[in-house]
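Peer 1:
2 protein chains.
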Amino acid sequence: MNEKELIQTLIAKLPRNQNTILGPGDDCAVVCPPSEGESLLLKTDAIVESVHFSRDDRPELVGRKALARCLSDVAAMGGVPDSALITVGFPEGGDEIYLEKVYDGAAALAEEFDVAIVGGEMTRSPGGLMLSVSLTGRVARDGEVRRSGAKVGDAVLVSGSLGGSRSGHHLEFVPRLREARWLVENFEIRSMIDVSDGLASDLGHITRESKVGALIDEAYLPISRAAKLRSRENEGAKTPLLAALTDGEDFELLFTISPRSAVKLKDSWRKTFPEVPLSVIGRIETELGLRLKQATGIRSLGGVDGFDHFQ
Amino acid sequence: MNEKELIQTLIAKLPRNQNTILGPGDDCAVVCPPSEGESLLLKTDAIVESVHFSRDDRPELVGRKALARCLSDVAAMGGVPDSALITVGFPEGGDEIYLEKVYDGAAALAEEFDVAIVGGEMTRSPGGLMLSVSLTGRVARDGEVRRSGAKVGDAVLVSGSLGGSRSGHHLEFVPRLREARWLVENFEIRSMIDVSDGLASDLGHITRESKVGALIDEAYLPISRAAKLRSRENEGAKTPLLAALTDGEDFELLFTISPRSAVKLKDSWRKTFPEVPLSVIGRIETELGLRLKQATGIRSLGGVDGFDHFQ
Chain A
37 MNEKELIQTL IAKLPRNQNT ILGPGDDCAV VCPPSEGESL LLKTDAIVES
87 VHFSRDDRPE LVGRKALARC LSDVAAMGGV PDSALITVGF PEGGDEIYLE
137 KVYDGAAALA EEFDVAIVGG EMTRSPGGLM LSVSLTGRVA RDGEVRRSGA
187 KVGDAVLVSG SLGGSRSGHH LEFVPRLREA RWLVENFEIR SMIDVSDGLA
237 SDLGHITRES KVGALIDEAY LPISRAAKLR SRENEGAKTP LLAALTDGED
287 FELLFTISPR SAVKLKDSWR KTFPEVPLSV IGRIETELGL RLKQATGIRS
337 LGGVDGFDHF Q
Chain B
37 MNEKELIQTL IAKLPRNQNT ILGPGDDCAV VCPPSEGESL LLKTDAIVES
87 VHFSRDDRPE LVGRKALARC LSDVAAMGGV PDSALITVGF PEGGDEIYLE
137 KVYDGAAALA EEFDVAIVGG EMTRSPGGLM LSVSLTGRVA RDGEVRRSGA
187 KVGDAVLVSG SLGGSRSGHH LEFVPRLREA RWLVENFEIR SMIDVSDGLA
237 SDLGHITRES KVGALIDEAY LPISRAAKLR SRENEGAKTP LLAALTDGED
287 FELLFTISPR SAVKLKDSWR KTFPEVPLSV IGRIETELGL RLKQATGIRS
337 LGGVDGFDHF Q
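Going line by line, the protein sequences match chains A and B.
Residues 37 to 347 (my numbering) are what the first sequence spells out, left to right.
Residues 37 to 347 (my numbering) are what the second sequence spells out, left to right.
1) With DSSP as the reference, please indicate the residues paired to F291 (chain B) in a beta bridge.
2) Helix, strand or coil: how does DSSP classify V87 (chain A) here?
3) Would you identify the three-state DSSP class for A250 (chain B), choosing helix, strand or coil?
4) Any beta-carbon of chain B closer than 8 Å to the one on A65 (chain A)?
5) Whether or not the segment 316-325 of chain A and the segment 272-288 of chain A are in contact is what I'm after, with contact meaning three or more pairs of Cβ atoms, one per stretch, closer than 8 Å; do they touch?
6) Start and end of the alpha helix (DSSP H) containing P117 (chain B)?
7) With 9 Å as the C-beta to C-beta threshold (strictly closer), list the residues of the segment 48-76 of chain B near chain A in chain order.
8) Listing by chain order, which chain A residues have their CB less than 8 Å from the CB of R214 (chain B)?
9) Quick check on the burial criterion: 16 or more other C-beta atoms within 10 angstroms. Buried or exposed for E96 (chain B)?
10) Please tell me whether D93 (chain B) and L207 (chain B) are closer than 8 Å, where the distance is taken between their beta carbons.
11) Put V67 (chain B) into one of helix, strand or coil per three-state DSSP.
12) Below 8 Å, how does it come out for the segment 79-92 of chain B and the segment 257-270 of chain B: are there three or more Cβ pairs, yes or no?
13) Applying the criterion that 16 or more other CB atoms from any shown protein chain within 10 Å of the CB defines a buried residue, is H345 (chain B) buried or exposed?
14) For G125 (chain A), which residues from the same chain have a beta carbon less than 6 Å from its beta carbon, with the 5 sequence-adjacent residues on both sides left out?
15) Select from the segment 218-238 of chain A all residues with a C-beta closer than 7 Å to any C-beta belonging to chain B, and list them in chain order.
16) Counting only Cβ pairs nearer than 8 Å, list the residues of chain B close to P162 (chain A).
17) Between which two residues does the beta strand (DSSP E) holding K329 (chain A) run?
18) Take A236 (chain A) as the anchor and find which of A:R174, A:R327, A:L42, A:Y139 has the nearest alpha-carbon.
19) Between the segment 195-213 of chain B and the segment 273-291 of chain B, do at least 3 Cβ pairs fall closer than 8 Å?
20) Counting only Cβ pairs nearer than 9 Å, list the residues of chain B close to A112 (chain A).
21) 8 Å is my cut-off, CB to CB: does L78 (chain A) come that close to chain B?
22) So I225 (chain A) packs on G114 (chain A), CB below 8 Å; how close in whole Å?
23) How far does the alpha helix (DSSP H) with R214 (chain A) in it extend, from its first residue to its last?
24) Taking Cβ positions, are E215 (chain A) and F309 (chain A) nearer each other than 8 Å?
25) Closest Cβ-Cβ distance between L121 (chain B) and chain A: below 8 Å?
26) So is T80 (chain A) buried or exposed if we call it buried at 16+ other beta carbons inside 10 Å?
27) Would you mind sorting V169 (chain A) into buried or exposed? The rule is 16 or more other CB atoms within 10 Å of its CB.
28) Is it a yes or a no for the segment 142-156 of chain A touching the segment 115-123 of chain A, going by three-plus beta-carbon pairs under 8 Å?
29) State the Cα-Cα distance for the pair D341 (chain A) and P70 (chain A), rounded to the nearest angstrom.
30) Any idea if K40 (chain B) is buried or exposed, counting beta-carbon neighbours within 10 angstroms, 16 or more meaning buried?
31) Any C-beta of chain B within less than 8 Å: which residues of the segment 124-142 of chain A qualify?
32) In the DSSP assignment, find the unbroken alpha helix (DSSP H) run with A43 (chain B) in it and report its ends.
33) Between which two residues does the alpha helix (DSSP H) holding I133 (chain B) run?
34) If you draw a straight line from the alpha carbon of G129 (chain B) to that of K307 (chain B), how long is it in whole angstroms?
35) Taking the Cβ atom as the reference point for each residue, do T45 (chain A) and D190 (chain A) lie within a distance shorter than 8 Å?
36) When the Cα atoms are used, what is the spatial distance from I57 (chain A) to C64 (chain A)?
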């Protein structure tokens, strides 16, 4: 298969949606924009072999992950994803069957969330395989949930469980699009982010942007089974607590809400998403920085910039 | 400078425009979408060290080129560019001053065309430096100029001159946004593409998508001074003709128009853009494939797929 045939094969399988006017094959893709009462969301994210995935990972899951990361970001704004572009940096002599499976994985996830893949590019990459995804989304005008909206007194909540993502979750997670839409449609979410760098770091983004601090209670942290297993099975591994705070790639929703609404939200969530844990893990405070409440007392997780000194 | 400081330095210099609601720093950028009567254009394009530029090129020009390529694609659709995202794959131990200059170059060109840079990403790159740009644009609903609209009898026109782009033009070209807007506002442009792969290949895209063929007249091909110089100065270099047909990265507008309008268009163009040559180089024909009219006769440039057999 030459490069032209390969591209034709790949393009033929890419999903469209109701907003696709012109897909791959011209100078630009053409799509229906969001309506007057909406804003356009834009996101780009790249994954690189040996950094974000390894050559041993299933190629379908690598392609899936590249798109899923962007979908998770649209979820964290409270938006609906729409159209994606995929750029592939392809090593000289790279395996075309592998690449086709990468696209298959991205396309399958796109269809699951009614996302069109309207274009992209293949280019030679002197390093390993690289995938860069750009994604558009839509959200009600002034309805995007930013990192900067946390208020003193807010409850801090997180979906799912944290830590040990590299054991498999980072390739297989389902972006929390449905949960995030449900949240913004039913509650006033003050601030939200997806946990990609690790809870401590990402909560630091919220507190820094909101000019507040936070106190997290270790007793309520939803530590994943994978983080516990890794800690038990590997001599030098992080403790489960440290893994939950710093591993990253959990792609869970971390958000804050008025404390008056927290109980009602937790009840409704349990009925709506019985399979997905939701934990109230702490509260927003006036004092800048992050603090962790442990059995032994309260410990600082870092300064104004969030997570600095823990490791 | 650590990575966080570097990113802050880079972000601070990125231009916004009147459509920017939320720039870099949250999970997604938020921008005003095109209005009801418009479509959204989407484009992504990547450049890779040692493939599209070399480490010796001025970094400002490398950043400029990464964005200019996408702008040229929006021009070729007849659109207006709006918001860009820039992803940088940054080699371990790469030079931060260099990277800052790359951003400076992209930002300066963005400002020139009122394009906002609303986000992006830095990631480690095991190979050399890599820049991937995603760009949105807007165009009147049903007003985008596609590759597929060429009609038998159409005149084939190209702006500027062709060949030898690697002598410098590929880093310094001005995307033909103004010219393309003027074209679509004043004439019925039937099909258009920007010359990135080379005239023969890109005209092949138009004829293939339009299910027609084309005859090009060598006598009217605007061969660049750089192509002629390179041919004269280097023993093994391409002939100027071959360079004009195949070098690529000219980023000129290649388009077709009803033959009745061609003369009027050429006259108006000369008055509006006196500095920019415009050449009628051939015509669209029923017979598929590309043909070159030379003093010695007519020669095939390839089959239905366009340019295949010339080299």
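Here a beta-carbon is modelled for each residue, glycine too, at the ideal position from N, C-alpha and C.
Peer 2: Reading it off the structure:
1) Answer is B:L193, B:M228, bridged to F291 (chain B).
2) Note: V87 (chain A) maps to coil in three-state DSSP.
3) Reduced to three states, the DSSP call for A250 (chain B) is strand.
4) Chain B contact via Cβ: present.
5) Under the Cβ criterion (8 Å, minimum of three pairs), the segment 272-288 of chain A does not count as touching the segment 316-325 of chain A.
6) Unbroken run through P117 (chain B) is the beta strand (DSSP E), 116-127; no alpha helix (DSSP H).
7) Per Cβ criterion, the list reads N55, I57, L58, G61, D62, D63, C64, A65, V66, V67, C68, P69, P70, S71, E72, E74, S75, L76.
8) Here the premise fails: no neighbours, minimum Cβ distance about 17 Å.
9) With 16 or more other Cβ atoms inside 10 Å of its own Cβ, E96 (chain B) counts as buried.
10) Yes; because the gap between Cβ atoms is below 8 Å, this pair is in contact.
11) When DSSP states are grouped into helix, strand and coil, V67 (chain B) belongs to the strand group.
12) No contact exists between the segment 79-92 of chain B and the segment 257-270 of chain B.
13) Caution applies to H345 (chain B), whose pLDDT of 44 falls short of 50 and renders its modelled position unreliable; the model cannot decide the point.
14) Once the five neighbours on either side are set aside, the close Cβ partners of G125 (chain A) are T159, S161, M166.
15) Near chain B, meaning a CB-to-CB distance below 7 Å, the residues of the segment 218-238 of chain A are I229, D230.
16) By Cβ distance, chain B contributes V84, E85, S86, V87, G163, G164.
17) Residues 325-330.
18) With distances taken between Cα atoms, A236 (chain A) lies closest to A:R327.
19) Counting C-beta pairs with one atom in each stretch, the segment 195-213 of chain B and the segment 273-291 of chain B have three or more that are closer than 8 Å, which means they touch.
20) Going along chain B in sequence order, the residues near A112 (chain A) (Cβ under 9 Å) are D62, D63, C64.
21) At least one beta carbon of chain B lies nearer than 8 Å to the beta carbon of L78 (chain A).
22) With a Cβ gap of about 7 Å, I225 (chain A) and G114 (chain A) count as contacting.
23) 213-222 is the extent of the alpha helix (DSSP H) around R214 (chain A).
24) Closer than 8 Å, so yes.
25) So yes, L121 (chain B) belongs to the interface.
26) Burial call: buried.
27) Classification for V169 (chain A): buried.
28) Proximity of the segment 142-156 of chain A to the segment 115-123 of chain A meets the contact definition, three or more beta-carbon pairs being nearer than 8 Å.
29) Note that D341 (chain A) has pLDDT 47, beneath the 50 cutoff, so the model's placement of it is unreliable and the number below is only indicative. Rounded to the nearest whole angstrom, the CA to CA distance from D341 (chain A) to P70 (chain A) is 35 Å.
30) With fewer than 16 Cβ atoms within 10 Å of its Cβ, K40 (chain B) is classed as exposed.
31) The residues in question are G125.
32) It is Ile, not Ala, that sits at residue 43 (chain B) in the sequence shown. From DSSP, the alpha helix (DSSP H) with I43 (chain B) extends over 39-48.
33) Note, I133 (chain B): alpha helix (DSSP H), 132-148.
34) Rounded to whole angstroms, the gap between the alpha carbons of G129 (chain B) and K307 (chain B) is 51 Å.
35) In terms of Cβ geometry, T45 (chain A) and D190 (chain A) do not form a close pair [threshold 8 Å].
36) Rounded to the nearest whole angstrom, the CA to CA distance from I57 (chain A) to C64 (chain A) is 11 Å.
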